Structures are given as C-alpha cells and as structure tokens.
Amino acid sequence: MNENHAEKILQLLKKTFTMPKWVTSNRDPFETLIVTIISQNTADRNTAKAFENISKQFRIKPEVLANAETNQIEECLRVAGLYRNKAKTIRQISKIILEKFHGTLNPILSLPFEEARKTLLKLPGVGPKTADVILLFCSEKPTIPVDTHVNRVAKRFGLAPQNGDYEMVRQSLQSLYNPKDYLSVHILFILLGRKYCKARNPLCKHCPVNALCPSKQLYTK
Ligand code: SF4
3 MNENHAEKIL
13 QLLKKTFTMP
23 KWVTSNRDPF
33 ETLIVTIISQ
43 NTADRNTAKA
53 FENISKQFRI
63 KPEVLANAET
73 NQIEECLRVA
83 GLYRNKAKTI
93 RQISKIILEK
103 FHGTLNPILS
113 LPFEEARKTL
123 LKLPGVGPKT
133 ADVILLFCSE
143 KPTIPVDTHV
153 NRVAKRFGLA
163 PQNGDYEMVR
173 QSLQSLYNPK
183 DYLSVHILFI
193 LLGRKYCKAR
203 NPLCKHCPVN
213 ALCPSKQLYT
223 K
C-alpha cells in the first residue's frame, strides 16, 4: 500500500468523523499513565468507571497513590479486569516516580523520543502501547499507539503486514503518514474500528471508507 492510498483513507476518515473534544485538551501525564494502566484488557466503559472510583477516593498524584493501601486501590478498580495486579502496579509505579523522578513524569517526557520511550518501558506495567499513549498525548512525541482497533483496522486496510506485531504495525503506519497526522490516525482508526470495522462482523456495506478498503469483499459475501 502506498502513501497516496493511505492519505486518501485518512482524508476520508477526517471528513467522516469529528475528533472528540478530549483529544485536543492537554492531558496530565500521570493521570494518563493511570488511566492507560487501568484500560489494559478492559472495556472503555469499565475503565471510565474505575478511574472515576479511584479519582473520588484519591487525588491522582504519585505522592498520594504511593502511600495508599493496596486494598483500597483494589476496591476502586474492581470493575476493571485484573484489578489486583493493576492496584499493585499503580502503587509500585507511583513510588518509583516519587523516589526516582521527583514525583513527576516531566523529566522523562523532556528526553528525546527514543530515550523517553526506553525509560517509560522500564516502569512496571508500562508496555509499548502505554508508553506510546503517554508520549503522543502528553508530550506530542511522534508515535502511533497501536491498540486493538488500530491494529485490526490497519491490517484490514492493508497498511500493515497481516502477521505484524506491535512494532511492525507502528512502524508501517508511521512510514505511511506525516508525523503531524499521527494523533489523527490513532483516533480515527479507533473511531472506525468501534463503529464499523468491528472485530466480528464488520459493517462493510455501511462503512464510509469501503471504496478504499481491500478487505471489504471478505466481509460482504
Ligand atoms: S470495508 Fe469493512 S473491513 Fe474495510 S475498513 Fe470498512 S468495515 Fe473494515
């Protein structure tokens, strides 16, 4: 798939969907980290509920969560999957940020991209997607986080290898798009994935970009 085709897909998605308001707001890096940890293997609605619970109980600051009782954090996260592990991770990571980074992620985010990514990946509970979300949303670093929707949509469009792993999908998309569009690609692929390009039974007949999609025949027979 060439850059021109990839660009046509993006332009059509931009015309189809409105970017959600929260995308443009400046996100707090520590809050983003906590939300992203909670969201791992968890539906959006349950992530939002768990974050609401923990925000009611605690200020979302490393110095507060590092000293919270793990079982109190667990109670807040019960609605999310793997809540025991996540509560433990949140406490550990809060302690590390407090002790090693003076209670803020800013020293990490001010590093050059690769160095910042490597440092984030060393934190407990932080995998490539979590690191890329923080780098893109909180520091405008040039990366495309690949969540389950981005991964599926990119492959169905033929913009990434069918068997590509996280890094292959991320690199493929980044090579096709201008860094100024990375945020839009991430968000618009998620919106398309949620509404039309669902994991099971995608709605190809009604999909607004079906004319540009090589996979539409697979799902319209
Ligand atoms: S045509 Fe079907 S497979 Fe292609 S992007 Fe749309 S919903 Fe997904």
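Residues in the sequence shown are numbered from 3 upward in steps of one, following the numbering used here.
Don't be surprised by glycine CBs; every beta carbon is placed ideally from N, CA and C.
Only a predicted model underlies this, so the values are computations on that prediction, with no experimental measurement involved.
Quick one: what's got a C-beta closer than 7 Å to residue i's C-beta in the same chain, skipping five residues either side?
i	result
residue 86	76
residue 65	100, 105
residue 192	149, 151, 152
residue 199	154, 155, 158, 209
residue 1	No statement about residue 1 is possible, as the shown extent of the chain runs from 3 to 223 and does not include it.
residue 74	59
residue 201	154
Does the ligand SF4 have even one heavy atom less than 7 Å from the beta-carbon of residue i?
i	result
residue 212	yes
residue 130	no
residue 194	yes
residue 159	yes
residue 64	no
residue 218	yes
residue 198	yes
residue 155	yes
residue 209	yes
residue 190	no
residue 178	no
residue 205	yes
residue 78	no
residue 221	yes
residue 215	yes
Compare the beta carbon distance of residue i and residue j with 8 Å and say whether it is the shorter of the two.
i	j	result
residue 125	residue 92	no
residue 32	residue 63	yes
residue 56	residue 78	yes
residue 5	residue 178	yes
residue 138	residue 14	no
residue 35	residue 98	no
residue 16	residue 220	no
residue 187	residue 146	yes
residue 60	residue 68	no
residue 181	residue 174	no
residue 140	residue 29	yes
residue 12	residue 167	no
residue 90	residue 72	yes
Counting only the same chain and skipping the five closest in sequence on each side, list residues whose C-beta sits under 8 Å from that of residue i.
i	result
residue 169	130
residue 120	none
residue 176	144, 145, 146, 184
Can you give me the Cβ contacts of residue i inside the same chain, cut-off strictly under 6 Å, excluding the 5 residues immediately before and after it?
i	result
residue 123	133
residue 143	115, 137
residue 206	212, 218, 221, 222
residue 44	82, 83
residue 37	53
residue 172	146, 148
Uninterrupted alpha helix (DSSP H) stretches inside the segment 132-206 (no shorter than 4 residues): 150-158, 168-178, 184-197
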